[in-house]
Structure formats: structure tokens, C-alpha cells
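Mapping to numbering that gives the first Met the number 0: the sequence shown position 182 is 181, numbers consecutive. Here a beta-carbon is modelled for each residue, glycine too, at the ideal position from N, C-alpha and C. As the structure is a computational prediction, the values presented were derived from the model and not from experiment. What follows is one structure encoded as C-alpha cells, with my remarks underneath.
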Amino acid sequence: MGGQNLEVTPHMKFFWQQQMKLLQTVKMARRYHPQIIRFALSLHGKSPAAYRELRDSGVLILPSEIILRDYKNYFKPKADYIILFSLNLDNIESLREKASSAAGIQRYVVLVMDEMKIQSNLVFDNKMKVKLATQVLSRSVAIALEESGNEEVLAYTAQDDERFVWMKNVFLQYLENWRQSTVTRDGVYSTDDRGKMFLSIQTYK
């Protein structure tokens, strides 16, 4: 990193600065920056096995899986996770308290439902063009969207936002038409075969 000819992004420079800092810190006293935690969670989410191999190789200093588990399990799962819209009553009350101190645009949030399963042998429909549907998965993605200058990906701040109309009449209608097409498609297909032509019922609902 000491070379003057290297072109590095702010993210790269910050990442390597953090790596140098961690390298000079005793293992038991290491404290990971939130950006490093986000990066580690992203890697681990894609492939836990690859994450373990990368961490064990010593090429990068990354948080242990025990540390990551503490961040992933902010809410302790209960049996009513599925029944009560994936949130139990204690969690709802905790979120209510945090939201009470927020004002204005801070009160608009995005709920991301995890544990989404895609059926195997699912056929991709290249005719679908999602122009407006945007999920903000992390702060870094949110910042990038805000700075893009594209009005179609700005945060939802009003219930009468025209993008809600698009979502209902175009996006959700597309999913319904897709589902109906698998039911009425000509040919001899078993129920299981027709099910593989569409998203899992859990994802659809």
C-alpha cells in the first residue's frame, strides 16, 4: 500500500488501514469496525465454508463466526417468528420504543424478510424488467442509491408515492400472472413439476 502508483478507492484504503490496525493488536483485544463486520457478514452469508477457509488462511483478519452470530441473532428466534409476521411481541415493543424517538423521514423504514428460498430448476424469465423495485439491504447500498441521482430509487416518504401504484399494478400483477400461467400451461405436468415453474409458495406469499 506504500506504492504511489496504486489507484485505490476510499473503501480499499480504509479496509487495509483496518487490517494493519488489527494486525498490530493482540488477538483477544481486537475490536472490529462496523464496516468490517458488514463485509464479514456479507461474505459469510454467501458461503460460510469459503469464509472459514479465507479466515483460517490468515490472508485477512476477520471476525470469528461466534462474533458474527452475535450480530446476526440480534433478536432471539421463537416459535412465533413465522406465525406473527416474523416478529414476536417483545421485538415489536423494542422497535416501537426506538421509533418513538425518531422524527420525520427517520420513521420510514424498510422491512427485509429473511429465509427466502428459491426453488431448484427455476426458469428465469428474461422478459421481466424491474425498474423501480429497490431493496435497501445495507447503509452502503443506501448511500450509493442516494448519490446516484436517480429519482426512481429514492426512499419512500409518502403513502401516496406513485411507485406503490406501480408495485401493486405492475410488479405484483406480474407475479400473479406468472403463477396463473404455471397452473394453466398446456402439457402433462405433476403438481410438483408445476410448482418448480414458479417461486416457492413461502416466497410468493
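Terminal residues of the continuous alpha helix (DSSP H) containing Ala49? In the sequence shown, residue 49 corresponds to position 50, counting from 1. Where Ala49 is concerned, the enclosing alpha helix (DSSP H) stretches over Pro47 to Ser56.
I'd like to check one pair, Ile36 with Pro62: are the Cβ atoms closer than 8 Å? Sequence index remark: in the sequence shown, residue 62 carries index 63 (1-based). Sequence index remark: in the sequence shown, residue 36 carries index 37 (1-based). Yes.
C-alpha gap between Leu59 and Pro47, whole angstroms: For the purposes of this step, residue 59 is taken as the residue at position 60 of the sequence shown. For the purposes of this step, residue 47 is taken as the residue at position 48 of the sequence shown. Answer to the nearest angstrom: the Cα atoms are 15 Å apart.
Provide the residue span of the alpha helix (DSSP H) that contains Tyr70, from first to last. Locating residue 70 in the sequence shown gives position 71, where the first residue counts as 1. Note, Tyr70: alpha helix (DSSP H), Glu64 to Lys71.
Exposed or buried, what is Tyr203 when buried is set at 16 or more other beta-carbons lying within 10 Å of its beta-carbon? By 1-based counting over the sequence shown, the position of residue 203 is 204. Classification of Tyr203: exposed, given that the 10 Å Cβ count is below 16.
Considering only residues of the same chain and omitting the five flanking positions on each side of Tyr31, which have a CB-CB separation below 6 Å? Stepping through the sequence shown from its first residue, residue 31 is reached at position 32. Pro62, listed in sequence order.
If you draw a straight line from the alpha carbon of Phe38 to that of Gly44, how long is it in whole angstroms? As a first step, residue 38 is located in the sequence shown; it is residue number 39 there, counting from the start. As a first step, residue 44 is located in the sequence shown; it is residue number 45 there, counting from the start. Approximately 10 Å, taken between the alpha carbons.
Is Leu40 closer than 8 Å to Leu21 when the C-beta atoms are compared? As a first step, residue 21 is located in the sequence shown; it is residue number 22 there, counting from the start. As a first step, residue 40 is located in the sequence shown; it is residue number 41 there, counting from the start. Taking 8 Å as the Cβ cut-off, Leu21 and Leu40 do not qualify as a contacting pair.
Taking DSSP as the reference, what is the three-state secondary structure of Gln172? Position 173 of the sequence shown, counted from the start, is the residue given in the question as residue 172. Reduced to three states, the DSSP call for Gln172 is helix.
Proximal residues to Arg51 (C-beta, below 8 Å), its chain only, five neighbours per side dropped: Here residue 51 corresponds to residue number 52 of the sequence shown, with the count starting at 1. Same-chain partners within the cutoff: Glu64.
Please work out which residues of its chain come closer than 6 Å, Cβ to Cβ, to Met196, disregarding the five sequence neighbours upstream and downstream, and give them in chain order. The residue you call residue 196 lines up with position 197 of the sequence shown. Excluding positions up to five away in sequence, the list reads Thr181.
Mapping the DSSP letters down to three states, classify Asp79 as helix, strand or coil. Numbered from its first residue, the sequence shown carries residue 79 at position 80. In this predicted model, Asp79 has a pLDDT of only 46, less than 50, meaning its place in the structure is not dependable; the value taken from the coordinates is given anyway. If DSSP states are grouped into helix, strand and coil, Asp79 belongs with the helices.
Relative to the alpha-carbon of Arg178, which residue among Asn168, Ile200 and Met166 has its alpha-carbon at the smallest distance? The sequence position of residue 178 within the sequence shown is 179, counting from 1. For the residues Asn168, Ile200 and Met166, the minimum Cα distance to Arg178 belongs to Ile200.
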